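Read through the structure below, which is laid out as structure tokens, and then see the notes.
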Amino acid sequence: MIMTAIEEQLQKIKAQNRLGLMTHIVVGYPNLEESRRLVLAMAEAGADFIELQIPFSDPVADGPTLMRANQESLKQGTTVAQAMQLMGELAAATPIPLLFMTYFNIVFRYGVERFCQDAQQAGCAGLIVPDIPIEEEHREHFILRAKQSRLSVIRVISPASTERRLRLNAQHAEGFVYFVSRKGVTGAQANLDAELAQNLQKIRQYISLPIAVGFGISQPEHIVAIKGTADIAVIGSAIAQTYSGAEKGQGIAAVCRFIESLAAVL
Amino acid sequence: MESIIIKTSFDADATGHFGQFGGRYAPEMLLPALEELEAAYNQAKSDPKFLDELSDLFKNYDGRPTPLYFAENLTKKLGGAKIYLKNEGLNHTGAHKINHCLGQALLAKRMGKKRLIAETGAGQHGLATATVAAKFGFECVVYMGEVDIARQRINVFFMEQLGAKVIPVSHGTKRLKDAVTAALQDWITNVDDSYYLLGSALGPHPYPSMIRDFQSIIGLEVKEQIQAQAGRLPDYLVACVGGGSNAIGLFNDFFEDKEVMMIAVEAGGRGVDKPGEHAARFQTGGAVGVVEGYKSYFLQNEDGQIQSTHSISAGLDYAGIGPEHALLHDQKRVQYTFATDKEVLVAFQTLARTEGIFPALESAHAVAEVIKLAPTLAPDKIIVVNISGRGDKDVFIVAKALGDKAWLEYLRREAGE
Ligand SMILES: Cc1ncc(COP(=O)(O)O)c(C=O)c1O
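Chain order of the listed sequences is U and A. Quick note on UniProt numbering: the first sequence kicks off at 1 and runs consecutively. Quick note on UniProt numbering: the second sequence kicks off at 1 and runs consecutively.
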């Protein structure tokens with residue numbers, strides 16, 4: 001069987017006996033040109049995967065930082081077509097797998113099949129869409145269409161997931177599984193959830209694929225803490241915060257320094 | 001009175017789908033809680049003790065049944081069909097929202113939850129939630145868009161007096177849909193001890209069906225009352241429709257009575273030709289989408305971004321509509337029309353002058369439709385219109401819209417300027 005770009009990258013990470021790093025941007029925040037530069041710079045600085053979030057007006061799983069970024073991007077007039085185009089340009093320019101993250105209405109409105117085809121053609125490796133549960137698959141055929149376009153659908157699971165739901169998601173998971181570190185929405189936090197290690201141990205019993213841990217991870221110490229129990233650390237809001245907290249014109253450099261500090265402890 | 005649990009041909013299937021609409025499009029973080037809620041509700045609704053307790057609260061706490069009143073003066077003025085008002089404004093807290101709040105509060109208690117989360121637009125649902133929270137001893141948090149806080153100050157004040165914490169939502173359009181998102185996010189974060197007390201017949205399964213069931217008391221009463229007063233079923237039912245709870249509550253027990261026609265009135269705002277100027281999901285800019293946990297019609301652009309809306313009434317100022325309404329629309333069982341802000345103000349004044357009843361601005365949309373419809377019908381026809389709430393809360397908006405100088409001066413004086 002041919003390996004997907006995501007699987008190849010995972011194998012490489014495993015061979016290097018380290019944790020993987022997935023970072024995140026909201027397409028069009030603060031503008032498209034900065035998004036492009038930011039992705040290339042993060043890839044250069046040591047990111048193994050990057051999520052390109054297509055902005056949505058009602059991003060229900062996102063906390064204040066990323067909600068604001070979604071809103072700002074939409075204010076700039078960012079469209080789905082522009083996100084597709086950016087994916088095309090970036091996928092051609094960087095060797096690491098790029099994934100689309102968005103909400104289901106964006107995919108649904110575009111047309112599930114067409115979205116998957118266009119994303120694949122643009123060079124996208126996988127899709128993270130948190131609000132399309134497996135229970136709706138028989139109507140929406142989201143996983144099916146993604147498969148037909150050789151895109152990995154990354155399943156999201158949470159500390160609230162029941163045994164039945166963990167099994168269900170495990171059946172459909174591809175590439176890796178995205179584990180939300182705590183009950184809550186996205187957002188950088190000072191401390192990791194106290195039960196994270198225990199939760200990771202629990203879900204390991206159901207999930208054989210590599211596990212990415214996201215939501216609230218923002219410091220090298222967090223990465224050190226999940227080493228050994230997780231396979232990929234996901235940094236989202238902390239990137240946006242680092243970028244917007246930097247002095248004007250210094251955002252990308254600040255993000256690169258931040259990523260290097262994380263990459264150093266992977 | 002029959003049970004509020006009624007079976008109709010428009011009910012959702014076992015997974016919460018009304019035809020292609022509805023469903024449970026929620027992030028994994030919420031799915032276990034929705035499964036828990038569904039199981040608890042299924043159990044509760046077949047437990048006679050639960051239904052008896054609710055029925056007792058309806059009667060002794062809420063003041064049900066609300067009257068069905070023959071509006072003789074309005075009927076004469078319009079010169080056509082006989083008009084009956086179902087006066088939900090006489091509920092405790094002034095609107096139909098208390099019906100589903102009592103039902104859900106009982107359920108939350110049964111589930112052992114400690115804290116209620118709610119979103120609100122007009123503040124009527126928030127007020128009713130804060131009320132049941134006070135009565136049952138829940139902690140209570142209400143999310144409300146900044147735009148709505150500014151225009152529904154009275155309800156904000158009362159919610160706070162009842163002990164609820166009202167949290168302003170500054171994201172997006174700063175209206176009801178953003179309050180729903182904020183409430184969902186709170187629930188994601190506090191899912192173990194909190195109950196999300198949704199305020200309309202929408203959201204992920206089982207909310208649309210559960211809220212419809214609790215609101216079905218409206219139509220059940222109407223059926224008995226109209227039989228007693230007119231000796232037959234009505235020809236038309238008319239209700240305003242925001243998320244859809246008061247309309248579905250009036251309609252539900254009549255769906256199988258094929259001769260009864262139903263009209264639901266959306267917010268036409270400043271006109272339905274331009275996006276952003278109205279909240280009529282079945283007019284310009286409305287299309288099928290999947291937002292806030294359910295599939296239905298939403299006002300959105302070609303990329304699927306939810307559009308901002310406008311209505312003089314905060315309670316109808318919402319980009320989505322409950323999934324059962326989407327099905328009722330597509331199957332043409334209910335006709336969906338709209339009333340503009342201007343027509344609504346005229347309707348508000350007309351009902352006040354003819355019958356001495358102030359309708360909520362939301363309900364005045366239904367009255368506006370009756371003003372158009374009644375004169376076209378023969379005098380032996382019967383219209384029942386749902387006055388979903390009373391208009392006291394809207395005094396600021398109406399006085400401003402009517403340019404009442406003395407009121408403005410009063411506000412200035414009270415502000416101590
Ligand atoms: C009096 C009144 N009527 C109607 C509505 C609209 O909601 P729904 O369509 O769920 O009845 C509201 C909402 O706040 C309301 O306060």
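Glycine included, C-beta positions come from ideal geometry on N, C-alpha and C. None of the values given here were measured: they were computed from a predicted structure.
Short CB-CB distance (under 8 Å) between residue i and chain U
i: M29(A); result: yes
i: L184(A); result: yes
i: V384(A); result: no
i: I188(A); result: yes
i: A33(A); result: yes
i: V191(A); result: yes
i: E409(A); result: no
i: G242(A); result: no
i: E292(A); result: yes
Residue i CB to nearest heavy atom of ligand 1 below 7 Å
i: K113(A); result: no
i: C101(A); result: no
i: N246(A); result: yes
i: A95(A); result: yes
i: S311(A); result: no
i: S161(U); result: no
i: L316(A); result: yes
i: G293(A); result: no
i: V241(A); result: yes
i: G77(U); result: no
i: E362(A); result: yes
i: S200(A); result: yes
i: Q225(A); result: no
i: Q152(A); result: no
i: S388(A); result: yes
i: A122(A); result: yes
i: H278(A); result: no
i: H125(A); result: yes
Cross-strand partners of residue i (DSSP beta bridge)
i: M262(A); result: L237(A), V334(A)
i: C116(U); result: Partner(s): none; C116(U) has no beta bridge.
i: M101(U); result: Q53(U), I128(U)
i: G22(A); result: H17(A), K295(A)
i: S180(U); result: Per the sequence presented here, residue 180(U) reads as Val, with Ser not at that position. In DSSP, V180(U) forms a bridge with G214(U).
i: R390(A); result: P359(A)
i: A95(A); result: G389(A)
i: Q300(A); result: I306(A)
i: T23(U); result: I50(U), I235(U)
i: V288(A); result: Y297(A)
i: P168(A); result: M144(A)
Proximity test, residue i beta-carbon vs ligand 2 heavy atom, cut-off 7 Å
i: E369(A); result: In the structure shown, ligand 2 is absent; the only ligands present are ligand 1.
Cutoff 8 Å: residue i Cβ touching any chain A Cβ
i: F176(U); result: no
i: R109(U); result: yes
i: V234(U); result: no
i: M67(U); result: yes
i: V60(U); result: yes
i: Q53(U); result: no
i: Q71(U); result: yes
i: F56(U); result: yes
Contact with chain D by residue i, beta-carbon distance below 8 Å
i: G289(A); result: This model lacks chain D altogether, as its protein chains are U and A.
Which residues, in order along the region 152–171 of chain U, keep a beta-carbon less than 7 Å from a beta-carbon of chain A? V156, I157, S158, A160, S161, T162, R165
Name, going along the chain, the residues of the region 180–193 of chain U whose beta-carbon falls closer than 7 Å to a beta-carbon of chain A. V180, K183, G184, V185
Under 8 Å (Cβ pairs) to chain A, residues found in the region 4–19 of chain U: none
Residues in the region 73–107 of chain U with C-beta within 7 Å of chain A's C-beta atoms, listed in sequence order? L74, T79, V80, F104, N105, I106
Taking beta-carbon pairs under 7 Å, can you tell me which members of the region 123–136 of chain U lie near chain A? P130, D131, I132, P133, E135, E136
Along the region 267–280 of chain A, what residues have a CB closer than 9 Å to any CB found in chain U? none
Taking only beta carbons into account, state which residues of the region 13–25 of chain A come closer than 7 Å to chain U, listed in chain order. T15, G23, R24, Y25
Using Cβ-Cβ distances below 7 Å, what residues of the region 167–181 of chain A are close to chain U? H171, G172, K177, T181
If the cut-off is 8 Å on Cβ atoms, which residues from the region 193–224 of chain A count as contacting chain U, listed in chain order? none
Chain U contacts made by the region 304–318 of chain A, where a contact means CB separation under 7 Å: G304, Q305, I306
Residues in the region 103–122 of chain A with C-beta within 7 Å of chain U's C-beta atoms, listed in sequence order? none
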